[in-house]
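Residue numbers (the numbering used here): 21 to 354.
Cβ coordinates follow ideal geometry from the N, Cα and C atoms, glycine included.
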């Protein structure tokens, strides 16, 4: 099945292909086209097509406004899949049947309230936590059956930016950014190659020349960006962002959002973002999913999430507590 719609981003119009739906990864796929300032909404599809033809890099993509958006739905590649995953900590059930598919090259945001298991999902993907049952696959490989050596190879392809940046205070910025290179590529890269890679990564996040500084010398926003530089220094295929804008002021939040979008497009990576910051979620996402009560209750593009008639989704994205909740219920949910 081929779904096509001309891209009219350059002229400021929103193109839609109404009534056309299909199933990708077991879920309905809406073809509504949304606009995002400065970014073609079909960019990740174009990246896929150009990558297959051996032509990569943003400079070789069709110019915005001239995108011939033709998506063959049955060829969209699922990179990550959670199938009937269950996880609990003692009596607390985190997931009672998690089913989710994430496509190669997209920016995917996971929404949900505090404590619902968003970060747990990321940690299960890279083997930091083990699922109780179910299947987790990455690029066709079963994560749940891997030993530590196999997981190490997966972690070379999937990098994670932790909430706080998780920098080592006793190390310099250079040593922090080079940490993954030392861990995975010590025998393959020379010192000069590592220095070049660290400089490249710091340049991409807008912090060139700070290699000799210490984390204690950095602001909160700079620490996050150094953490992001460490993540991309290993040149991963996937970057996981765990609450990347938590604790940042509006200016630094906008900077981080801009970097997430820019790095996804420049490096042709898959971005998976965990957040409850709806402004950031709407700014960076190709698709979104919401976790509630141990399951995915909504999944789709930004417009379909915004237009959801599920009260749980509506109340979350608009920050509204259900009016029927009493004080005791609200206290428990906090």
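Endpoints, the beta strand (DSSP E) within which residue i is located
{"i": "residue 163", "result": "Where residue 163 is concerned, there is no enclosing beta strand (DSSP E), given that its DSSP letter is neither H nor E."}
{"i": "residue 107", "result": "98 to 109"}
{"i": "residue 308", "result": "307 to 312"}
Residue i CB to nearest heavy atom of the ligand ADP below 7 angstroms
{"i": "residue 105", "result": "Judged by which ligands are present, the structure shown has none, so any question about the ligand ADP falls away."}
Residues bridged to residue i (per DSSP)
{"i": "residue 128", "result": "292, 307"}
{"i": "residue 315", "result": "312"}
{"i": "residue 260", "result": "180, 292"}
{"i": "residue 321", "result": "307"}
{"i": "residue 156", "result": "102"}
Test item: CB-CB of residue i and residue j under 8 angstroms
{"i": "residue 147", "j": "residue 174", "result": "yes"}
{"i": "residue 186", "j": "residue 218", "result": "no"}
{"i": "residue 130", "j": "residue 294", "result": "yes"}
{"i": "residue 139", "j": "residue 262", "result": "yes"}
{"i": "residue 325", "j": "residue 119", "result": "no"}
{"i": "residue 268", "j": "residue 240", "result": "yes"}
{"i": "residue 273", "j": "residue 125", "result": "no"}
{"i": "residue 112", "j": "residue 144", "result": "no"}
{"i": "residue 122", "j": "residue 99", "result": "yes"}
{"i": "residue 244", "j": "residue 264", "result": "yes"}
{"i": "residue 177", "j": "residue 256", "result": "yes"}
{"i": "residue 155", "j": "residue 103", "result": "yes"}
{"i": "residue 227", "j": "residue 242", "result": "yes"}
{"i": "residue 292", "j": "residue 142", "result": "yes"}
{"i": "residue 307", "j": "residue 321", "result": "yes"}
{"i": "residue 211", "j": "residue 157", "result": "no"}
{"i": "residue 341", "j": "residue 328", "result": "no"}
Where the alpha helix (DSSP H) containing residue i begins and where it ends
{"i": "residue 121", "result": "From DSSP, residue 121 is part of no alpha helix (DSSP H) but of the beta strand (DSSP E) over 112 to 123."}
{"i": "residue 266", "result": "Careful: residue 266 lies outside any alpha helix (DSSP H) and carries neither H nor E."}
{"i": "residue 142", "result": "138 to 145"}
{"i": "residue 254", "result": "Segment: none, residue 254 is in no alpha helix (DSSP H) and carries neither H nor E."}
{"i": "residue 331", "result": "331 to 337"}
Does the segment 273 to 283 come close enough to the segment 310 to 325 to have 3 or more Cβ pairs within less than 8 angstroms? no
If we count Cβ pairs, one from each stretch, closer than 8 angstroms, do we get three or more for the segment 177 to 189 versus the segment 201 to 216? no
For the pair the segment 232 to 250 and the segment 261 to 279, tell me if three or more CB-CB distances fall below 8 angstroms. yes
Does the pairing of the segment 155 to 171 with the segment 225 to 240 give three or more beta-carbon distances under 8 angstroms? no
Between the segment 297 to 308 and the segment 121 to 130, do three or more beta carbon pairs fall short of 8 angstroms? yes
Runs of alpha helix (DSSP H) lying entirely within the segment 185 to 251, each at least 4 residues, in chain order: 193 to 197, 199 to 205, 211 to 224
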